[in-house]
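Here my numbering is used: position 31 in the sequence shown is 31, and no number is missing along the way. We put the CB at the ideal spot given by N, CA and C, even for glycine. Single-structure report; data block below.
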Amino acid sequence: MDRPPLFSSDMRATYERLHAASRAQPYAAWAVRRDRLRRLSALIHDNETALCEAISSDFGHRAAAETQMLDIVPSLEALRHALRHGRAWMRPRRASTSLWFRPARARVLPQPLGLVGIIVPWNYPLYLAAGPLASAFAAGNRAMVKLSEFSPAFGALFASLVSGRFDPDELAVFTGGADEAAAFGALPFDHLLFTGSTAVGKRVMAAASANLVPVTLELGGKSPVVLAPGQDLRRAAMRIVTGKLVNAGQTCVAPDYVLLPRAEMESFADACEQAARQLYPHGLQSPDYCSIIDLRHYGRLATLLAQARAAGVRVRPLFTGPQSQDLQHRLAPALCLDPPHDLALMREEIFGPWLPLVPYDNLDQAIAHVNAGPRPLALYWFDNDRKRMAHALRATHAGGVTVNDILMHVAQDDLPFGGIGPSGMGHYHGRWGFDTFSKLKPVLYQPRLAGTALVRPPYGKTFSRLMALMKRRA
């Protein structure tokens, strides 16, 4: 069954085949869905070492332990969660019937959309393919996946593994560059999920609109951390630095900057330096520290920091020794203290190991700062005051929130994951993903005896009395 990776030359033919198969099986039984989920899970289990090695090769270096934590385990957990609950998600759902239509009864029938397209970025290539596939398969769909050109080793391996486990009318994997991505995004899927940058997300949405394809966009943006006054700075710094430096900051929900009390900025910077050196005691040579994906992104990040230095921003390195390593394109993390808001560092998503510290004089000022920018994919609020936390949650908008930690809300399969505004639209994970990839079809069952005879022409006194009753004030 092994086949080479697919490119745009046969993309349309592949689409037609999977589309026809989805129409021939409009409602896959649970046994079919379960089998697909199990095969994908077995694919990951049986090839864990090869997958870790391929991802590390694409990055230049990423520790197998980090790939296990960030790609392997979340993928398996998403599949396990779908296997545990998918059958229940499929069941018709009760819905109430208006008083005026009784004894009719109503139900909602979740039905597969058909063929789902999934565009995967390079930063978590396995999880951001397997997570959406878990939702799509649980909902009874077939899928086409476009992998990033920046993860070629993983792409070739995953495409080969999929071709050995799945029939060509169940799941197809494409690699290739920008031309293939554009062709993929223009296909008339029943639903398209894209994970990536806001700029590319706009192009994906524009292409999908030509075919009225509904989209789920998982983008990014500048996810803030807010430290309320009086926090344990060492504990907060350890959690923030851990979340920032995992994958060398190349995470869509990585903390992008920290808002903190002005008087605590130096102490917090000290705590961040201690945390970074505890986590990575050998600096750039630490085997657990990840490389930047390629020299293009390496250069972009170096430019952001150079611009900050040129503007007079105080830059505080978090590692001792060399600050960069071209051979494996690694960059040592650094804090940028109180940078001007007009710097590119503060306007663009960083997606790397720089962490600006932005002082505030009161919490209202911090909340205003968050609300002045585009709505972020994530907000991290560190506080021990429940009343203050509740106010912050209602006063700000974000795709998701973790309180007193970093990243952790993303790993919860019973929480919806998704952005808001420029950070995305729609959501998935768990049942939320099942619903995203399903048509929740409303069905009304009318019994033999029904009250509709009372509202048929010719309209008379009985009709008038009934209308008067129905129009009563709430």
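> By the 10 Å Cβ neighbour count, where 16 or more other Cβ atoms means buried, how is residue 266 classified, buried or exposed?
Replying inline: exposed
> Is the Cβ-Cβ distance between residue 354 and residue 304 less than 8 Å?
Replying inline: A contact, by the Cβ cut-off of 8 Å.
>> Using only the alpha-carbon positions, how far apart do residue 92 and residue 107 sit?
In response: 6 Å
> In terms of residue numbering, what span does the alpha helix (DSSP H) encompassing residue 239 cover?
Replying inline: 233–245
> Who does residue 359 pair with in a DSSP beta bridge?
Replying inline: 260
>> On the CB-based measure, 16 or more other CB atoms within 10 Å of its CB, does residue 16 come out buried or exposed?
In response: exposed
> Buried or exposed: residue 67, going by 16 or more other Cβ atoms within 10 Å of its Cβ?
Replying inline: buried
>> Rounding to the nearest angstrom, what Cα-Cα distance links residue 423 and residue 126 in this structure?
In response: 21 Å
> Quick one: Cα of residue 469 to Cα of residue 121, how far?
Replying inline: 57 Å
>> Quick check on residue 27: buried or exposed, where buried means 16 or more other Cβ atoms within 10 Å of its Cβ?
In response: Counting the other CB atoms within 10 Å of its CB gives residue 27 a total below 16, which places it among the exposed residues.
> What does DSSP give as the partner residues of residue 191 in its beta bridges?
Replying inline: 116
> Can you check whether the CB of residue 84 is closer than 8 Å to the CB of residue 115?
Replying inline: no
> With a CB to CB cut of under 8 Å and the five nearest residues on each side skipped, what residues in its chain are close to residue 201?
Replying inline: 194, 217, 219 and 424
> Where do the ends of the alpha helix (DSSP H) carrying residue 30 lie?
Replying inline: 30–46
> Quick one: any contact between the stretch 296–316 and the stretch 349–366, if contact means 3 or more CB pairs under 8 Å?
Replying inline: yes
>> Suppose the cutoff is 8 Å on Cβ atoms and the five residues either side in sequence are ignored; what does the same chain contact list for residue 268 look like?
In response: 227, 233, 236, 237, 258, 260 and 357.
> With distances taken from CA atoms, which of 459, 455, 474 and 461 is nearest residue 100?
Replying inline: Measuring C-alpha to C-alpha distances from residue 100 to each of 459, 455, 474 and 461 identifies 455 as the nearest.
> If you count every other CB in all the chains shown that lies within 10 Å of the CB of residue 444, and 16 or more means buried, which is it?
Replying inline: exposed
> Can you name, in chain order, every residue of its own chain whose Cβ lies under 6 Å from the Cβ of residue 22, other than the five neighbours on each side?
Replying inline: 114, 115 and 142
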